[in-house]
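Accompanying notes for the structure given below.
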Amino acid sequence: MQEFFVFLFLTIILFGGASFMMGQALAETWRPVWYNIVYGILLVAAERFFAWALFKAPAINIPAILLNAVVIIAFALLAYRLTQVRKMVAQYPWIYERNGLFSWREKTTTQG
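Per the numbering used here, the very first residue in the sequence shown carries number 5; after that it's consecutive.
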(Lines of atoms letter the chains of each structure in order from A and count residues from 1; the text may use other names and numbers.)
(Lines give C-alpha, C1' and ligand atoms only; values in the text may rest on other atoms or scores of the structure.)
Protein backbone atom coordinates (compact mmCIF):
# COMPACT_ATOMS: atom_id res chain seq x y z
CA MET A 1 0.00 0.00 0.00
CA GLN A 2 2.91 2.34 0.68
CA GLU A 3 4.13 1.86 -2.90
CA PHE A 4 0.82 3.20 -4.20
CA PHE A 5 1.06 6.35 -2.09
CA VAL A 6 4.69 6.87 -3.10
CA PHE A 7 3.65 6.48 -6.75
CA LEU A 8 0.69 8.81 -6.29
CA PHE A 9 2.62 11.51 -4.43
CA LEU A 10 5.99 11.41 -6.18
CA THR A 11 5.20 10.28 -9.71
CA ILE A 12 1.73 11.67 -10.31
CA ILE A 13 1.58 14.83 -8.21
CA LEU A 14 5.15 16.05 -7.81
CA PHE A 15 6.99 14.84 -10.90
CA GLY A 16 3.86 14.67 -13.06
CA GLY A 17 3.29 18.35 -12.34
CA ALA A 18 6.93 19.14 -13.06
CA SER A 19 6.80 17.24 -16.34
CA PHE A 20 3.57 19.02 -17.31
CA MET A 21 5.29 22.37 -16.76
CA MET A 22 8.32 21.08 -18.65
CA GLY A 23 6.14 20.16 -21.64
CA GLN A 24 4.55 23.60 -21.59
CA ALA A 25 7.94 25.32 -21.44
CA LEU A 26 9.30 23.25 -24.32
CA ALA A 27 6.28 24.06 -26.48
CA GLU A 28 6.37 27.75 -25.54
CA THR A 29 9.96 27.96 -26.79
CA TRP A 30 9.24 25.92 -29.96
CA ARG A 31 11.61 23.11 -29.04
CA PRO A 32 11.32 19.75 -30.85
CA VAL A 33 8.97 17.19 -29.34
CA TRP A 34 11.77 14.68 -28.67
CA TYR A 35 13.18 16.99 -25.98
CA ASN A 36 10.26 15.82 -23.83
CA ILE A 37 11.61 12.29 -23.87
CA VAL A 38 15.18 13.29 -23.01
CA TYR A 39 14.18 15.58 -20.17
CA GLY A 40 11.52 13.10 -19.08
CA ILE A 41 14.20 10.44 -18.58
CA LEU A 42 16.11 12.88 -16.39
CA LEU A 43 12.96 13.47 -14.34
CA VAL A 44 12.48 9.71 -13.96
CA ALA A 45 16.03 9.41 -12.62
CA ALA A 46 15.32 12.19 -10.13
CA GLU A 47 12.04 10.56 -9.12
CA ARG A 48 13.74 7.21 -8.51
CA PHE A 49 16.38 8.96 -6.39
CA PHE A 50 13.74 10.64 -4.24
CA ALA A 51 11.79 7.40 -3.89
CA TRP A 52 14.98 5.65 -2.77
CA ALA A 53 16.17 8.44 -0.46
CA LEU A 54 12.87 9.34 1.18
CA PHE A 55 10.86 6.13 1.15
CA LYS A 56 13.54 3.42 0.93
CA ALA A 57 12.20 2.14 -2.38
CA PRO A 58 14.61 0.03 -4.42
CA ALA A 59 16.76 2.26 -6.60
CA ILE A 60 16.82 -0.17 -9.53
CA ASN A 61 13.36 -1.56 -10.12
CA ILE A 62 12.78 -1.99 -13.85
CA PRO A 63 8.95 -2.23 -13.80
CA ALA A 64 8.71 0.84 -11.57
CA ILE A 65 11.16 2.76 -13.74
CA LEU A 66 9.21 1.91 -16.90
CA LEU A 67 5.86 2.82 -15.32
CA ASN A 68 7.24 6.11 -14.01
CA ALA A 69 8.78 6.88 -17.40
CA VAL A 70 5.50 6.26 -19.20
CA VAL A 71 3.53 8.44 -16.78
CA ILE A 72 6.04 11.30 -16.62
CA ILE A 73 6.66 11.43 -20.37
CA ALA A 74 2.92 11.18 -21.05
CA PHE A 75 2.27 14.23 -18.87
CA ALA A 76 5.00 16.13 -20.72
CA LEU A 77 3.69 15.16 -24.15
CA LEU A 78 0.13 16.06 -23.18
CA ALA A 79 1.18 19.52 -22.03
CA TYR A 80 3.36 19.95 -25.09
CA ARG A 81 0.52 19.22 -27.49
CA LEU A 82 -2.04 21.34 -25.63
CA THR A 83 0.36 24.29 -25.56
CA GLN A 84 1.36 23.81 -29.19
CA VAL A 85 -2.28 23.86 -30.33
CA ARG A 86 -3.03 26.94 -28.23
CA LYS A 87 0.02 28.77 -29.61
CA MET A 88 -0.66 27.89 -33.25
CA VAL A 89 -4.24 29.13 -33.06
CA ALA A 90 -3.27 32.28 -31.13
CA GLN A 91 -0.19 33.14 -33.18
CA TYR A 92 -1.71 32.50 -36.60
CA PRO A 93 -5.43 33.29 -36.21
CA TRP A 94 -5.83 34.19 -39.89
CA ILE A 95 -4.60 30.75 -40.99
CA TYR A 96 -5.62 28.25 -38.31
CA GLU A 97 -8.59 27.49 -36.12
CA ARG A 98 -8.93 25.00 -33.29
CA ASN A 99 -10.19 21.57 -34.30
CA GLY A 100 -10.81 19.88 -30.98
CA LEU A 101 -8.54 19.76 -27.96
CA PHE A 102 -5.43 18.33 -29.62
CA SER A 103 -5.44 19.68 -33.16
CA TRP A 104 -5.92 22.65 -35.40
CA ARG A 105 -6.90 23.03 -39.05
CA GLU A 106 -6.64 25.61 -41.77
CA LYS A 107 -9.50 28.05 -41.81
CA THR A 108 -12.00 27.62 -44.56
CA THR A 109 -12.50 30.75 -46.61
CA THR A 110 -15.89 31.64 -47.96
CA GLN A 111 -15.99 33.62 -51.16
CA GLY A 112 -19.13 35.59 -51.49
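Yeah, the Cβ is synthetic: ideal placement off N, Cα and C, and Gly gets one too. Every value quoted in this text rests on a predicted model; they were computed, and no experiment measured them.
Y100 carries a strand assignment under DSSP once its states are collapsed to helix, strand and coil.
Straight-line spacing of the CA atoms in A73 and V48 works out to 6 Å. In this structure, T87 sits near E32, with a CB-CB distance shorter than 8 Å. According to the DSSP assignment, R109 belongs to the beta strand (DSSP E) that extends over 108-110. Contact check for F24 against A94 fails: the beta carbons are separated by 8 Å or more.
A distance of 8 Å or more separates the beta carbons of V10 and A63. Take the alpha-carbon of L14 and the one of K111: they are about 42 Å apart.
By the CB criterion at 8 Å, G44 and I76 fall inside the cutoff.
Here K91 carries a helix assignment [DSSP, helix/strand/coil].
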